[in-house]
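What follows is a set of notes on a single structure, which appears directly below.
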Amino acid sequence: MARFPFSAIVGQDEMKQALLIAAVDPAVGGVMVFGDRGTGKSTAARALASLLPPISVVEDCRFGCLPEEKGTCPDPCSSGRVRKRPVPLVDLPLGATDDRVVGALDLEKALRDGEKSFEPGLLAKAHRGFLYVDEINLLEDHLVDLLLDVVASGENVVEREGLSVRHRARFVLIGSGNPEEGELRPQLLDRFGLSVEVHTPQAVEDRVEIMRRCDAQERDPDAFTQEWEAEDRKVLGRIARGQKRIDNISVPDALLEDTARLCIAVGADGLRGELTLMRAARALAALNGKKTVSRAELVEVAPSALRHRLRRDVLDETGSTARIERALEELFG
Amino acid sequence: MSAPLGAVDPASEALLALALLNLAPAKLGGAVLRGGGPVRDELVERYRAMRPADAPWRRLPPLVEDDRLLGGIDIGASLAAGKAVHEKGLLAQASGGAILAPMAERMGAQLAGRLAQALDHGDFDFTLLLLDDGLEADERAPAALLDRVAFHCDLSGVRALESMSWPGALPVEEVAPLPADMLTSLAAAATALGIDSVRALLFAATTACAHAALHGRREAEKADLDTAARLVLAPRATQLPPSEAEEPPEDPAPSDAESGEDRETAQSDTPPEDQVLETALAAIPPDLLQALRDGTFARRAKGSGSGAKSRSKLRGRPLGARPGLPRGGARLALVDTLRAAVPWQKLRERRGSASITVLREDLRVKRFEERATSVTIFCVDASGSAAMARLAEAKGAVERLLAQAYATRSEVALVAFRKTEASVLLPPTRSLTRARRALAQLPGGGGTPLATGIATAASLAATISARGATPFLVLLTDGSANIAADGTPGRPQAREDAEAAARGVARSGMASLVIDISPRPRPDAEALAKTMRARYLPLPLADSAALERAVTAARDAAVTA
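Chains A and B supply the protein sequences, listed in that same order. Sequential numbering of the first sequence, starting at 51, is according to the numbering used here. Sequential numbering of the second sequence, starting at 13, is according to the numbering used here.
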């Protein structure tokens, strides 16, 4: 099935921005998307993955090794040839078993040759790309813990069925969930760099536009892709320039101070909030072609970077987003 | 009772839906057929007859494992042949055809997740017919799948199926794209009905085109939009448009015929885009319409996918096996153990035994998932006397308890009673967001049907026990009943009925707590607590800490009992 062009997605600006930030600086951490079903969450993630330029991989390497990392994974990984491969986007289905996720003994090889060999799981597939977990709030707790551990360490360590394997697994974790159907543990939420709220556009014109574009895409996917190619190329250019620029962007001391003050004002737990806020603001500055990070970027990313880190207060009806906006208003006017 | 305007016989509607599905199977995903007994079987057969004779047709066993679903290694054949024998998964086998999922209301999250993913990706290209035998409102097919199939057909109470046919159907690709004004009316109707999913919009547009194709038209017309509104939008409504919702809530159960007339007069001079909405409104199933009118509609975010689950060694739905020894109550998973032993047979042959050698490290034990062990049911007296007293404080207390329930990962449910009836405002859930909203929207005022309130909570508790969880009842009332179980006013009878209901709770042996919310505690509530064999706690004397202690103590007693 042809992928939907990223720039043809109607609305969803906050989510698109968060995904672009994660693409420019994966160290920001994953993106958590809150929203109802059928609001285009996975479409946006998929669209971004197919937009990004293909990655170079050692031929026949099941662990997606970079050419310069040749031979450092559990595979033989000895081919001198390099293949281009699209940026992977791996779907983690609800109810996936842990052996599907981390990988397991290759039963076929074991039966055929009596040989102990490792069959990579979804984590290996997602290396250097995106891991999309739909309805992450319904995922079994032990799997969530496992994912967090891998995201934090960038490495998947398997010790099971007599296997002892470790391989790189660095990916941007995108989780989606509907808070109506069960809460996510605060520890898990905190691990996500950014969080966004997605709603279906309520304006009728936007909805009509969605229907029109989906229909056009279904009738003639190639023509539709072509129609949006120029726009998509612009987005790609922004990402590429952002990636190049990000290391040279300076963060003024005054801005660091602002970051700390904001986090204290909203009561965001832990240091992760401040770090992510600073990183996300820098990535946004890079995307926008700036040389230094300014308060404008800070204000723009603050809701995404902080809304999921506020301590919950059952008796406070005010939503997290409103609390952050209030604090921004008070601190920076 | 005369059928409301636009309402057609549900069986014919379902047949029409299946005919449309047959024209655009990949775009419409599938259908849910709820209830209907023999008529449903006939519908399924009719759909099968519409499909090409060689199209695959697979029935899904309720507990299918990933290997069977997605394909994998056939263990039996592999052992016999001494080499790996692959088998094709059910999804691959069904490619280009249909998958029938019986008992869809019992489908687990794992299977639903797999199917949803397969539908999204279109790798296998099958249509999904979900057969839903749920009786209760919250027994439904998993929400993830409901969102991904176009048609939700409720067949309950349907007895006969008329024969219908549509000669001269065109391929759906030959129908021109819907013009802007038609797209606008569909989008406007969806917005007015509170339908958020973009999938629903796309389904509606495709349905309109498919309906035009079915009747041999190359351009869609109003009848096609109406069909899309009836079949796709109406069953997904989560709210009534403002004018409808503003109907005085005091209006005693408006009859369908009456509201049908209202619409008829309204329709004559409404612009076309509102007519689509009118059609959708007229086709909203009666029970859903009533819930939307009453404002008791909890967004249907249920489905067997949600809710807390815990792993248990002994009961529940099977999960994958784990390495381990069959002790501490864990049961041996024979097949998984053999599967674990298979790879090593060649090596173990050297140990000299002829049969399969199973060693200790091969042993696998079964794991099961089980519903959360405790569900706290808050049964709140929202009558006038309670509202005068301390409904607000009671709500505050419930919120505190909710926060605590969240911390202990248990589920909560909310029952409220006022005027002449009681209703389950919130089926068991773990979501704080939903619970808080249900509580905030709780209106106060009217009589006190205490007996009905207790009985409703008790029957909910029975459902919860049947699922294997432990219910715990928290009744917040001032104990002064004035509406009897049959809904008539009168203190003595009301009192008697309430005591009877309370005795029922006592008989069931369920742990319970009565919180007296009257400003000056009277003997009423305390006597009621005694009859219920419940702990009694007057709220005026209890600060929040005492309240929490009491609930925790009572709940712990419930769980360990």
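Glycine included, each C-beta is placed from N, C-alpha and C at the ideal position.
- Terminal residues of the alpha helix (DSSP H) in which H249 of chain A lies: No alpha helix (DSSP H) contains H249 of chain A, which DSSP labels as neither H nor E.
- Query: Mind checking I260 of chain A: buried by the 16 CB within 10 Å criterion, or exposed?
  - Reply: buried
- Where T308 of chain B and D159 of chain B are concerned, what is the direct C-alpha to C-alpha distance, given to the nearest angstrom? Only weak support is given to the placement of T308 of chain B: the predicted model assigns it a pLDDT of 48, under 50, and the question is left unresolved by the model.
- Message: Classify V20 of chain B: buried if its beta carbon has 16 or more other beta carbons within 10 angstroms, exposed otherwise.
- Response: exposed
- Query: Would you call the region 179-195 of chain B and the region 208-223 of chain B in contact, with 3 or more CB pairs under 8 Å?
  - Reply: yes
- Message: So, with DSSP's three-state summary, where would you put E380 of chain A?
- Response: helix
- Taking only runs that begin and end inside the region 28-91 of chain B, name each unbroken alpha helix (DSSP H) of 4 or more residues, in chain order. 37-40, 49-62 and 78-82
- Task: Taking Q252 of chain A as the query, report the chain B residues whose CB atoms sit under 8 Å from its CB, ordered along the chain.
- Result: T203
- Message: 9 Å is my cut-off, CB to CB: does V258 of chain A come that close to chain B?
- Response: yes
- Query: Cα separation between L70 of chain A and A253 of chain A?
  - Reply: 25 Å
- Exposed or buried, G121 of chain A, counting other C-beta atoms within 10 Å across all chains shown (16 or more means buried)? exposed
- Message: Given a cut-off of 9 Å on the beta-carbon distance, is the pair L487 of chain B and G465 of chain B in contact?
- Response: yes
- Message: So, at 8 Å on beta carbons, what are the nonlocal neighbours of A310 of chain A in its own chain, with the 5 sequence-adjacent residues on each side left out?
- Response: E324
- Separation of G516 of chain B from A470 of chain B, as counted between CA atoms: 8 Å
- Return the chain-ordered list of same chain residues with a C-beta closer than 8 Å to the C-beta of V56 of chain B, the five sequence neighbours on each side being excluded. L45, L112, L141 and L143
- Identity of the residue in A:R133, A:G339 and A:P353 nearest T371 of chain A by Cα: A:P353
- Query: In the DSSP assignment, what are the bridge partners of C165 of chain B?
  - Reply: B:L45
- Span of the beta strand (DSSP E) holding M522 of chain B? Unbroken run through M522 of chain B: none, as it is neither H nor E.
- Report the residue from B:D536, B:A512 and B:R545 whose alpha carbon sits nearest the alpha carbon of A518 of chain B. B:R545
- The beta strand (DSSP E) with F274 of chain A in it runs from where to where? That residue, F274 of chain A, is in no beta strand (DSSP E); its alpha helix (DSSP H) goes P271 to R295.
- Query: DSSP three-state call for R135 of chain A: helix, strand or coil?
  - Reply: strand
- Query: Checking contacts by CB at 9 Å: is T89 of chain A closer than that to chain B?
  - Reply: yes
- Message: Helix, strand or coil, according to DSSP, for S92 of chain A in the structure here?
- Response: helix
- Query: Mind checking if L188 of chain A is an interface residue toward chain B, Cβ cutoff 9 Å exclusive?
  - Reply: yes
- On the three-pair Cβ rule with 8 Å, is the region 506-514 of chain B touching the region 445-454 of chain B? no
- Item | Buried or exposed by the 16-neighbour rule on C-beta atoms within 10 Å, applied to P179 of chain B | exposed
- Item | Supposed contact pair A43 of chain B and F163 of chain B - C-beta distance, whole angstroms, cut 8 Å | 4 Å
- Task: For the region 75-104 of chain A, enumerate the residues whose C-beta is nearer than 8 Å to any C-beta of chain B, in chain order.
- Result: D86, R87, G88, T89, G90 and S92
- Task: Grab the span of the alpha helix (DSSP H) containing T445 of chain B for me, first residue to last.
- Result: L444 to A452
- Item | As assigned by DSSP and simplified to three states, the class of T139 of chain B | strand
- Task: Report the rounded CA-to-CA distance for D141 of chain A versus A513 of chain B, giving the unit in angstroms.
- Result: 50 Å
- Determine the chain A residues that contact P189 of chain B at a beta-carbon separation under 9 Å, and present them in chain order. R262, D265, A266 and R269
- Task: Report yes or no: is there a C-beta of chain A within less than 9 Å of the C-beta of G125 of chain B?
- Result: yes
- Message: So, at 7 Å on beta carbons, what are the nonlocal neighbours of E170 of chain B in its own chain, with the 5 sequence-adjacent residues on each side left out?
- Response: Here residue 170 of chain B turns out to be Val, not Glu, going by the sequence shown. Correct list, in chain order: P22, A23, G48 and V51.
- Message: Taking only three categories from DSSP, how would you classify P531 of chain B?
- Response: coil
- Message: Strictly below 7 Å CB to CB, what residues from chain A border V210 of chain B?
- Response: G88, T89, G90, T250 and I260
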